[in-house]
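Visitor:
In full-length UniProt numbering, the protein residues as written are 1 to 336.
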């Protein structure tokens, strides 16, 4: 099977941006990705942040017509902040709007201000996450459900809106690039989306943990998914400089928030030196030939699905479209 690609569309914007003015550009990017042969579109979630953010399920619903036959997914929806009954109904709705092409990407979240404001203790993240996944899957079956957990309970109820996809959308897990995160994703999810800053060397280690846990549980193979940042130019040095500039601006904004542990936040990536190091080791800020080489290396590692992001903070629309054009014309043919 050929390597598959998704595109993460920017849905969090610089503080002075008016997101209503950006929706047309988002639609244009989705159409460009569709025409480039990219398989899926992804958007993120945050609340109460320092960047105006369009919430994922409504904006994916709005983009569905532009996406055509593409899959639409969340990367990531902060599951512990929501009641699983609401999540089950909302994603079932998205599944109907998209004609059965929704993917529920669920993450645990990491920003303390979000959890404080929702009244959810940070130390309940894991328990709420795991109960929610279990209850959502049961509801999506369409059968009557009785569920008694530490955080949620449902007594002899069934979902009114059974998803289009039998059993509901696939659940792709967002988890930190460490052994516990890999094992949690293997146990709960249909796939694991590995964060973009993970080096190829560490990627091999954590995917080993993930695959070993799936084998131990008898769950069989899944898509092996990693995110990668992408900016293409025929001048590789220019691509690197622009990518570090635009991605670095976003990293610095994200780093303003507290998180319970280093692996969950962006502060360790926010210095100029760290930004350059992670860009050189993990991101695709390069020319088309360099992107093909890096993606071929990921394919040889066993990766089957790459979710690309081509816009951060103040990246101009023209740059995004130029990257997608080069990807379509000079990168994608190497994988077809």
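Glycine included, C-beta positions come from ideal geometry on N, C-alpha and C.
Grab the span of the alpha helix (DSSP H) containing residue 278 for me, first residue to last.
Guide: For the purposes of this step, residue 278 is taken as the residue at position 278 of the chain shown. Per DSSP, residue 278 belongs to the alpha helix (DSSP H) from 272–282.
Visitor: Give a yes or no on whether the C-beta atoms belonging to residue 39 and residue 68 are separated by under 8 Å.
Guide: In the chain shown, the residue the question calls residue 39 occupies position 39. In the chain shown, the residue the question calls residue 68 occupies position 68. No, the pair does not count as a contact, with Cβ atoms beyond the cut-off.
Visitor: From residue 80 to residue 12, what distance separates their C-alpha atoms?
Guide: If you number the chain shown from 1, residue 80 lands on position 80. If you number the chain shown from 1, residue 12 lands on position 12. Approximately 21 Å, taken between the alpha carbons.
Visitor: How many whole angstroms separate the CB atoms of residue 113 and residue 48, which I take to be in contact at a CB cut-off of 8 Å?
Guide: By one-based count along the chain shown, residue 113 stands at place 113. By one-based count along the chain shown, residue 48 stands at place 48. Confirmed, about 6 Å.
Visitor: Beta-carbon within less than 6 Å of residue 118's beta-carbon, same chain only, minus the 5 sequence neighbours each way: which residues are those?
Guide: Against the chain shown, residue 118 aligns to sequence position 118. Excluding residues within five positions, the ones whose Cβ falls inside 6 Å are 81.
Visitor: Hey, which unbroken runs of the alpha helix (DSSP H) at 4 residues or more fall wholly within the stretch 115–169?
Guide: 125–140
Visitor: May I have the straight-line CA-CA distance separating residue 277 from residue 311, to the nearest angstrom?
Guide: Position 277 of the chain shown, counted from the start, is the residue given in the question as residue 277. Position 311 of the chain shown, counted from the start, is the residue given in the question as residue 311. Going from the Cα of residue 277 to the Cα of residue 311 covers about 19 Å.
Visitor: Could you tell me which whole beta strand (DSSP E) segments of length 3 or greater appear in the stretch 164–200?
Guide: 170–174, 191–194
Visitor: Do residue 100 and residue 141 have their beta-carbon atoms positioned less than 8 Å apart in this structure?
Guide: Stepping through the chain shown from its first residue, residue 141 is reached at position 141. Stepping through the chain shown from its first residue, residue 100 is reached at position 100. No. Outside cutoff.
Visitor: Beta-carbon within less than 7 Å of residue 51's beta-carbon, same chain only, minus the 5 sequence neighbours each way: which residues are those?
Guide: In the chain shown, residue 51 corresponds to position 51, counting from 1. Same-chain partners within the cutoff: 12, 13, 14, 15, 253.
Visitor: By Cβ distance below 7 Å, which residues in the same chain neighbour residue 244 in space, the five residues on each side in sequence not counted?
Guide: Locating residue 244 in the chain shown gives position 244, counting from the first residue. Around residue 244: 275, 276, 279, 285.
Visitor: Is residue 106 near residue 76, with beta carbons less than 8 Å apart?
Guide: Translated into positions along the chain shown, residue 106 becomes position 106. Translated into positions along the chain shown, residue 76 becomes position 76. Yes. Within cutoff.
Visitor: Please classify residue 146 as buried or exposed, where buried requires at least 16 neighbouring CB atoms within 10 angstroms.
Guide: Here residue 146 corresponds to residue number 146 of the chain shown, with the count starting at 1. Residue 146 comes out exposed.
Visitor: Let's test the definition: count the other Cβ atoms within 10 Å of the Cβ of residue 138 and tell me whether it reaches 16, buried, or not, exposed.
Guide: Taking the chain shown and counting its residues from 1, one reaches residue 138 at position 138. Per the 10 Å Cβ criterion, buried.
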